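So for the sequence shown, full-length UniProt numbering puts the first residue at 1; every next one is plus one. No residue lacks a Cβ here, since even glycine has one placed at the ideal position from N, Cα and C. Just so we're clear, the structure is a prediction, and the values are computed from it rather than from any experiment. Data block below; observations after.
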Amino acid sequence: MSHFYFDIWDGEALVVDEEGLDLTSQRAAEVEAALSLADVAKQLEPFASSDGLAINVRDASGPVLRAIFVRERVQPIN
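Set out below in structure tokens:
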């Protein structure tokens, strides 16, 4: 088991995870980050102004990965 922390950047502020989770592997942390990012993204106002949304995953050694949610408005082709 390894202990991972999931810090959330919502485009305005960084919410630092001080508790973290014990997970079986880095792959489990990647899955947790993706699921958490999807949950946070669902709560966003559609196309509200934002500088981005990301979950930074770290362990005792430092950064492990960053999961980023990107949304952009695409003009319809007429």
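Item, Value
"Beta-carbon separation of Glu32 and Leu23 under 9 Å?", "yes"
"So, is Ala29 buried or exposed, given that buried needs 16 or more other C-beta atoms within 10 angstroms?", "buried"
"Is it buried or exposed, Val35, if we count other Cβ atoms within 10 angstroms and call 16 or more buried?", "The identity of residue 35 in the sequence shown is Leu, whereas the question assumes Val. Per the 10 Å Cβ criterion, exposed."
"Measure from the alpha carbon of Gln26 to the alpha carbon of each residue in Val70, Val64, Arg71, then state which is nearest.", "Val64"
"Does the beta-carbon of Leu14 have 16 or more other beta-carbons within 10 angstroms, so that it is buried, or is it exposed?", "exposed"
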